[in-house]
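The numbering of the sequence shown is my numbering, which starts it at 3 and goes up by one.
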Amino acid sequence: MEKFTNWRDKGTGIAPFLPTPPPLSQEKGLGLVLNNVKFVFKAVCVFPLALLALMMPEMVSKKLWLIVMKVLFSWSIQVAAQGVKKRDQRGELPATGHVYVVNCNCPLDALVLWFLAQGPVAFCVPLIRGKSTRVFQLSVWQFFEFALNSGQIHGDLSSFREVETVSQLKNQVVYVFAEGTTSNGKSVLPFAFSQESWLDLLDQRSATAGSSSSYNSSTRLSTPKVDINAIQLKVNSSLTTPLRIDRWKYLVRASSQGVSYKCKMIKSVEPQLEKVRTALVGGDKFRLVGKELNFESKLRFVKEFASRRR
């Protein structure tokens, strides 16, 4: 891994694109065979429950899926809200009418956020094309495939709903994976937005653009303020997917290791991108990697890593 020094941040020493390997005994030989057999056995046991969950209303479905996840992956979630006592945290869970910026680690991120949400969810991922940024809404399954594919959206973009502003997502819990790709969770990548495109998504550019002649004061005042929050997700390091991984291999790995999430919610973050990004590392800006380790850098790393592994 020393060969990839070009993708290591000079200030923090963090290499955010390098995968964290699991214990070798779990991925080779007899250990691998046993883990596959155990996963198949667990999957057969919960299959009827999973079918039932697909037919139930969301309130019931969530409870059933939680049982499925506990059986398959020893699933656990620890939730903390900044400045809120543990007994009062239920009232702070993600709710409709709010925007939550989330770091992007692995395929299971969308699922844990769905469990936490107090209403229908919308998962938004920015996609850089040249100098422009387009935002697409993904389902839980689409996000799962996106994160397995080293955090890249491939294929026909018409199969995804494009989002121009969050006002299109009324009555939904809006989650924005602002990095636009996955990392190994050791830092937060530069966001795939400019400040202008971010404010456009929030439908707030007119409210903060100053004295632009294209907006009068009544227009600015009529734009409702969007409540921006941050959610910091942490999961077992070897379950992060900065690089592509086979679906079956990942599920067996998650089953053998168990999935343990820590979710920290930070309320009412200012809309400046750097402040949101800093909130996602617990307020310590010195843990952030430099702007050169962005989405485009990740694409170059994926190609370089693949060429050296052949």
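We treat Cβ as the ideally placed atom computed from N, Cα and C, and that holds for glycine.
Since residue i and residue j are thought to touch, with beta carbons under 8 angstroms apart, how far apart are those beta carbons, to the nearest angstrom?
i: C265; j: V81; result: 5 angstroms
i: C126; j: V175; result: Their Cβ separation, rounded to whole angstroms, is 11 angstroms, which puts C126 and V175 out of contact at 8 angstroms.
i: V190; j: L290; result: 6 angstroms
i: D202; j: S169; result: That belief does not hold up - the Cβ atoms of D202 and S169 are roughly 11 angstroms apart, past 8 angstroms.
i: N37; j: S270; result: Not a contact, Cβ separation roughly 43 angstroms.
i: V261; j: W77; result: 5 angstroms
i: L159; j: V165; result: Not a contact, Cβ separation roughly 12 angstroms.
i: T22; j: S185; result: The Cβ separation is near 11 angstroms, so there is no contact.
Might you give, ordered along the chain, the residues of its own chain that have their beta carbon closer than 8 angstroms to the beta carbon of residue i, omitting 5 neighbours on each side?
i: R163; result: F138, Q139
i: T210; result: Note that T210 scores 49 on pLDDT, short of 50, meaning its location in the model is unreliable; the coordinates nonetheless yield the value given after this. Cβ neighbours of T210 beyond the five flanking positions: L201, P273.
i: K12; result: G292
Identify, in the order they occur along the chain, each residue of the same chain with its Cβ nearer than 6 angstroms to the Cβ of residue i, setting aside the five sequence neighbours on each side.
i: K293; result: P192
i: S152; result: L245, R246, V304
i: R10; result: A17
So the beta strand (DSSP E) residue i belongs to, where does it begin and stop?
i: R163; result: 163 to 165
i: R279; result: Looking at the DSSP string, R279 is not in any beta strand (DSSP E); the run it does join, the alpha helix (DSSP H), is 275 to 281.
i: A82; result: 78 to 83
i: R131; result: 123 to 131
i: V104; result: 101 to 104
i: N231; result: 230 to 236
Taking the continuous alpha helix (DSSP H) assigned at residue i, which residues delimit it?
i: F148; result: 142 to 150
i: C265; result: No alpha helix (DSSP H) contains C265, which is instead part of the beta strand (DSSP E) from 262 to 268.
For residue i, collect the residues of the same chain with a Cβ closer than 7 angstroms to its Cβ; drop the 5 residues on either side in sequence, then sort them by chain order.
i: E181; result: N105, C106, V190, L191, F193, A194
i: E198; result: R207
i: S27; result: G33
Quick one: is residue i buried, meaning 16 or more other Cβ sit within 10 Å of its Cβ, or exposed?
i: L56; result: exposed
i: K30; result: exposed
i: R302; result: exposed
i: N8; result: exposed
Taking 7 angstroms as the cut-off, is the CB of residue i close to at least one heavy atom of the ligand ZN?
i: K293; result: With respect to the ligand ZN, the structure shown offers nothing to examine, as it has no ligands at all.
If we define contact as Cβ-Cβ less than 8 angstroms, is residue i a contact residue for chain C?
i: T242; result: Among the chains in the structure shown there is no chain C, since it carries only a single protein chain.
Three Cβ pairs or more, each shorter than 8 angstroms: is that satisfied between the segment 93 to 107 and the segment 44 to 64?
Verdict: no, contact absent.
Would you check if the segment 225 to 240 and the segment 103 to 118 touch, i.e. whether three or more CB-CB distances between them fall below 8 angstroms?
Three or more beta-carbon pairs separated by less than 8 angstroms link the segment 103 to 118 to the segment 225 to 240, which places the two stretches in contact.
Three or more C-beta pairs closer than 8 angstroms, one from the segment 245 to 260 and one from the segment 62 to 69: is that the case here?
The count of Cβ pairs closer than 8 angstroms, one atom from the segment 245 to 260 and one from the segment 62 to 69, stays below three, leaving the stretches out of contact.
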